[in-house]
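Numbering (mature numbering (1 follows the signal peptide of the UniProt record, and there is no 0)), first residue to last: -17 to -1, 1 to 210. By construction, the Cβ of each residue, glycine as well, lies at the ideal position given by its N, Cα and C atoms.
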């Protein structure tokens, strides 16, 4: 104990005599100098500062766009993904859909194919008219509302997208009303599931690709500068 006291006295004594001890503590514990140096040490706070700067540049809408893309990418390329996981991408995409016509188009394609892909989960006969009616009501309302919102801009769908979405009708008729009366029902019972999965995968992949391109091409929406 005496040795420690003598060493501390010899080390700090001159600073105490010159009234410079607060300066020593400010150097040892530099709380007033900020979290990092001008050159960041390569630790967690370097990642935090970089992310904080990126978020301040891309803005809240850019962050939401990236969040939606991450959710949709995890659905596209995840391991043993459940079909219900598409809702994790549809929900944030609905917030983007009212901002730009391009996002509205992506949302309508994604939500229509995504919701239809969940039809096989409701497979009993009493649920058939309910799920069809609910999807039609939601889809028609969404399309009409977004068309009204962006009525001064170009159409939300091109001919190819329109043809694809209309193809969901014949697909439903084939799977629910035609296939059960064919001889394939016993030998190939999973054909309706296969057709639904593959057809919806085309639309969801197309929506993912359009969203990915928009993230790369569209300029980020940063914070508006004060006048």
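On a CA-only basis, which of the options is nearest residue i? Give me that one, please.
{"i": "residue 133", "options": "156, 178, 84, 121", "result": "84"}
{"i": "residue 123", "options": "108, -10, 103, 148", "result": "148"}
{"i": "residue 8", "options": "-6, 80, 75, 90", "result": "-6"}
{"i": "residue 76", "options": "181, 66, 52, 158", "result": "52"}
{"i": "residue 144", "options": "4, 175, 193", "result": "193"}
{"i": "residue 191", "options": "94, 174, 164, 150", "result": "94"}
{"i": "residue 197", "options": "48, 171, 59", "result": "48"}
{"i": "residue 126", "options": "88, 173, 100, 157", "result": "88"}
{"i": "residue 187", "options": "80, 45, 1, 99", "result": "99"}
{"i": "residue 82", "options": "136, -4, 103", "result": "136"}
{"i": "residue 108", "options": "-2, 160, 181, 146", "result": "160"}
Kindly indicate the opening and closing residues of the alpha helix (DSSP H) around residue i.
{"i": "residue 6", "result": "4 to 11"}
{"i": "residue 158", "result": "Note, residue 158: premise wrong, no alpha helix (DSSP H); not H, not E."}
{"i": "residue 72", "result": "70 to 79"}
{"i": "residue 83", "result": "That residue, residue 83, is in no alpha helix (DSSP H); it is neither H nor E in DSSP."}
{"i": "residue 193", "result": "174 to 200"}
{"i": "residue -4", "result": "-16 to -1"}
{"i": "residue 112", "result": "110 to 132"}
{"i": "residue 145", "result": "142 to 149"}
If you draw a straight line from the C-alpha of residue i to the C-alpha of residue j, how long is it?
{"i": "residue 120", "j": "residue 128", "result": "12 Å"}
{"i": "residue 86", "j": "residue 169", "result": "43 Å"}
{"i": "residue 195", "j": "residue 71", "result": "16 Å"}
{"i": "residue 25", "j": "residue 19", "result": "10 Å"}
{"i": "residue 33", "j": "residue 131", "result": "40 Å"}
{"i": "residue 69", "j": "residue 62", "result": "14 Å"}
{"i": "residue 3", "j": "residue -16", "result": "24 Å"}
{"i": "residue 176", "j": "residue 201", "result": "37 Å"}
{"i": "residue 58", "j": "residue 141", "result": "25 Å"}
{"i": "residue 183", "j": "residue 114", "result": "17 Å"}
{"i": "residue -10", "j": "residue 27", "result": "33 Å"}
{"i": "residue 101", "j": "residue 153", "result": "17 Å"}
{"i": "residue 106", "j": "residue 158", "result": "11 Å"}
{"i": "residue 67", "j": "residue 37", "result": "31 Å"}
{"i": "residue 189", "j": "residue 29", "result": "37 Å"}
{"i": "residue -12", "j": "residue 39", "result": "52 Å"}
{"i": "residue 230", "j": "residue 35", "result": "Any question about residue 230 goes unanswered here, given that the chain covers just -17 to 210."}
{"i": "residue 46", "j": "residue 56", "result": "15 Å"}
{"i": "residue 104", "j": "residue 111", "result": "11 Å"}
Drop a sphere of 10 angstroms on the beta-carbon of residue i, count the other beta-carbons inside from all chains shown, and report buried for 16 or more, exposed for fewer.
{"i": "residue 199", "result": "exposed"}
{"i": "residue 97", "result": "buried"}
{"i": "residue 10", "result": "exposed"}
{"i": "residue 138", "result": "exposed"}
{"i": "residue 31", "result": "exposed"}
{"i": "residue 73", "result": "buried"}
{"i": "residue 90", "result": "buried"}
{"i": "residue 179", "result": "buried"}
{"i": "residue -8", "result": "exposed"}
{"i": "residue 151", "result": "buried"}
{"i": "residue 171", "result": "exposed"}
{"i": "residue 80", "result": "buried"}
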